[in-house]
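Protein chains in written order, with my numbering: chain A, 5 to 224; chain C, 5 to 224. Working notes, beginning with the structure itself.
Protein chains: 2
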Amino acid sequence: MIVGSGHIPSETTDRLFSYLRPLMCLLNRGSDTVSSRELARLCKVNPSVIRRDFSYVGNLGTRGVGYGVVELMENIRRALKFDDDMKIALVGVGNIGRALLEHVRFGMEGFKIVAAFDNNPEKIGRTVGRLVVEDAIALEERIQSEAIQLVIVAVPEICAPDVARRVGDAGVNSVLSFSPCGLAMPDNVRVTCVDLSLEMARLVYHSSSRDGARGKDGAA
Amino acid sequence: MIVGSGHIPSETTDRLFSYLRPLMCLLNRGSDTVSSRELARLCKVNPSVIRRDFSYVGNLGTRGVGYGVVELMENIRRALKFDDDMKIALVGVGNIGRALLEHVRFGMEGFKIVAAFDNNPEKIGRTVGRLVVEDAIALEERIQSEAIQLVIVAVPEICAPDVARRVGDAGVNSVLSFSPCGLAMPDNVRVTCVDLSLEMARLVYHSSSRDGARGKDGAA
DNA sequence: TTGGGCTTGTGAATGTGAACACAATCACTA
DNA sequence: TAGTGATTGTGTTCACATTCACAAGCCCAA
Ligand SMILES: NC(=O)c1ccc[n+]([C@@H]2O[C@H](COP(=O)([O-])OP(=O)(O)OC[C@H]3O[C@@H](n4cnc5c(N)ncnc54)[C@H](O)[C@@H]3O)[C@@H](O)[C@H]2O)c1
Ligand SMILES: NC(=O)c1ccc[n+]([C@@H]2O[C@H](COP(=O)([O-])OP(=O)(O)OC[C@H]3O[C@@H](n4cnc5c(N)ncnc54)[C@H](O)[C@@H]3O)[C@@H](O)[C@H]2O)c1
């Protein structure tokens with residue numbers, strides 16, 4: 005086992021996160037064990053990638069059998085310091101913001117939106133999903149009183165850098181932004197931009213230049 | 005110049021797409037040239053990465069000066085076979101679907117949603133954004149009559165694989181899905197899943213284990 | 001026309017991740 | 001208890017991406 009060698013490669017941690025959802029599906033289906041081959045087919049990766057990734061987490065599998073699904077998920081979550089009760093604030097209750105607030109699955113997955121803000125007087129005070137929209141003026145104060153860990157920014161593009169800066173100054177350094185503008189974002193916050201145009205452009209490029217090649221370790 | 009050596013690394017193509025938006029911002033700001041150092045600062049990558057990426061596209065820069073922004077964008081778009089008039093269909097006019105249909109920027113960026121479908125009788129016939137919602141029964145026929153290249157799937161998770169299969173059978177092999185379930189998707193379509201929970205989990209992980217290290221080639 | 005200051009383009013070195021192949025190990029059966 | 005079939009864990013190899021470092025080349029001014 006390589007566990008304890010201090011650090012897990014970033015590609016591995018990114019993949020470890022992506023294993024959790026297929027594993028949950030397998031659990032719901034009643035599987036108690038899963039082989040690297042089976043999981044690899046679901047995730048469209050090479051089985052040896054799976055085995056090496058898991059080797060960073062610890063000695064998890066049983067030779068000849070596979071990995072215990074429950075034990076595996078627990079170990080991955082622990083290795084990733086997965087927070088099952090993450091507290092999130094949303095800024096901007098427009099089209100996107102409303103959809104997110106009404107999305108119940110986030111709560112079931114451990115992502116709890118506990119406050120929503122807007123600066124439009126017509127929206128402040130209205131109830132969307134389970135929350136009452138608050139005045140964006142109170143953003144900094146509420147971030148601290150609620151111990152917010154992550155802020156979702158769904159305001160018009162022109163306002164996004166300013167909101168991100170305020171969020172960063174208030175002590176939160178994780179921002180998920182729907183504004184595709186990565187420019188002018190502050191350095192002390194880590195921003196993930198959900199850029200659908202970018203994803204669509206990459207998608208059609210990769211679709212046209214198909215390269216369906218896989219190694220010989222048995223990946224479908 | 006390395007251009008013409010047959011193939012561009014996938015990491016490079018993914019980055020080339022991501023350069024387009026900062027370049028557009030620079031253009032709007034009035035910059036006619038940009039140096040690898042400046043663009044690198046905006047994109048938070050190493051300048052030598054930028055220079056090598058561009059070397060795959062062709063001889064684009066001027067030593068001592070930098071790259072011409074307009075010429076650069078044209079060359080990148082050509083290398084990526086960028087389609088400025090992509091025809092898109094949307095399936096599922098719920099919370100997410102409605103937000104996408106009312107989002108006007110897609111059209112300005114060359115991504116044109118030309119048809120929207122739902123199977124709920126109350127939604128069929130209603131106008132959302134600029135489109136009249138059509139019956140999902142007509143999906144296959146309309147995909148072909150409109151020459152759709154990409155389909156956005158925003159239906160409940162349980163329906164997503166079925167819709168993806170129908171889309172694939174109708175000849176479209178690019179699907180952008182908001183259902184986080186990559187399982188059971190057909191093999192002949194390339195699916196990009198927008199999984200916000202996954203992004204949030206990765207984001208907070210990377211935020212807590214900060215590693216703000218950059219090479220010495222001058223990146224900020 | 002020469003020189004100085006920049007920036008590109010790229011060979012070479014370095015670093016890193018993926019793939020392979022196989023010994024080690026387990027469950028199960030007779 | 002030994003044998004069989006399956007699967008993990010990992011040493012090793014390979015391939016590729018990143019970074020460095022610098023010569024080549026451009027602009028401009030004197
Ligand atoms: N709707 C989409 O499908 C879509 C797709 C891709 C990207 N985006 C981007 O996502 C962002 C939000 O999109 P949307 O469609 O929800 O926009 P929207 O206009 O519907 O909503 C924006 C909301 O933010 C509020 N707001 C504005 N300034 C604010 C501030 N300073 N503080 C707090 N609240 C403020 C507004 O009152 C409004 O309610 C935009 O940047 C948009 O470009 C949207
Ligand atoms: N809303 C969010 O913020 C959010 C966030 C993450 C993921 N998602 C996912 O995105 C998907 C859509 O989310 P939503 O909130 O828009 O859901 P929604 O329930 O608001 O809308 C779904 C729409 O799809 C239609 N539909 C159902 N079956 C269909 C079929 N077979 N063909 C055509 N149309 C059909 C329904 O009539 C409805 O209008 C879901 O899978 C959800 O899990 C949503």
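Note that beta-carbon positions come from the ideal geometry of N, C-alpha and C, so glycine has one too. Keep in mind the model is a prediction, meaning the values are calculated, not measured.
Return the first residue and the last residue of the beta strand (DSSP E) that residue i is part of.
| i | result |
| --- | --- |
| Cys-197 of chain A | 194-197 |
Once DSSP output is grouped into helix, strand and coil, what is the label at residue i?
| i | result |
| --- | --- |
| Ser-183 of chain C | coil |
| Ser-212 of chain C | helix |
| Asp-36 of chain A | coil |
| Met-5 of chain A | In this prediction, Met-5 of chain A has a pLDDT of 47, which is less than 50 and means its spatial position is unreliable; what the coordinates show is noted afterwards. Three-state result, Met-5 of chain A: coil. |
| Val-53 of chain A | helix |
| Arg-218 of chain A | In this prediction, Arg-218 of chain A scores a pLDDT of 42, lower than 50, which makes its location untrustworthy; no coordinate-derived value is stated. |
| Ala-224 of chain C | The predicted position of Ala-224 of chain C is uncertain, since its pLDDT is 40 and thus under 50; a value taken from the coordinates is nonetheless stated next. It is coil, neither helix nor strand. |
Since residue i contacts residue j with CB under 8 angstroms, what's their CB separation in whole angstroms?
| i | j | result |
| --- | --- | --- |
| Ser-39 of chain A | Gly-70 of chain A | 4 angstroms |
| Val-95 of chain C | Val-155 of chain C | 6 angstroms |
| Leu-20 of chain C | Asp-57 of chain C | 6 angstroms |
| Val-201 of chain A | Glu-113 of chain C | One detail in the question is off: residue 201 of chain A reads as Ser in this sequence, not Val. Yes, they are in contact, since the Cβ atoms of Ser-201 of chain A and Glu-113 of chain C sit about 5 angstroms apart, within 8 angstroms. |
| Val-157 of chain C | Val-179 of chain C | 6 angstroms |
| Arg-170 of chain A | Leu-143 of chain A | 6 angstroms |
Terminal residues of the continuous alpha helix (DSSP H) containing residue i?
| i | result |
| --- | --- |
| Ala-188 of chain A | It is not in any alpha helix (DSSP H) - Ala-188 of chain A carries neither H nor E in the DSSP assignment. |
Would you say the beta carbon of residue i comes nearer than 8 angstroms to a heavy atom of ligand 4?
| i | result |
| --- | --- |
| Ser-183 of chain A | Looking for ligand 4 in the displayed structure turns up nothing; the ligands present are ligand 1 and ligand 2. |
Item to complete: Kindly provide the ranges of any alpha helix (DSSP H) runs that are 4 or more residues long and lie completely inside the segment 61-137 of chain A, ordered along the chain.
Response: DSSP runs (the alpha helix (DSSP H)) wholly in the segment 61-137 of chain A: 73-83, 99-105 and 109-112.
Discussion item. Which runs of the beta strand (DSSP E) at least 3 residues long sit entirely within the segment 144-169 of chain C? Give them in chain order.
Written reply: Runs of the beta strand (DSSP E) inside the segment 144-169 of chain C: 154-157.
Worksheet item: Between the segment 194-210 of chain C and the segment 81-95 of chain A, do at least 3 Cβ pairs fall closer than 8 angstroms?
Response: They touch, by the three-pair rule.
Worksheet entry | Three or more C-beta pairs below 8 angstroms linking the segment 178-197 of chain A and the segment 153-168 of chain A | Touching, yes.
Item to complete: Evaluate the contact criterion for the segment 136-155 of chain A versus the segment 110-123 of chain A: three or more CB pairs, one atom per stretch, below 8 angstroms.
Response: Output reads yes: the segment 110-123 of chain A touches the segment 136-155 of chain A.
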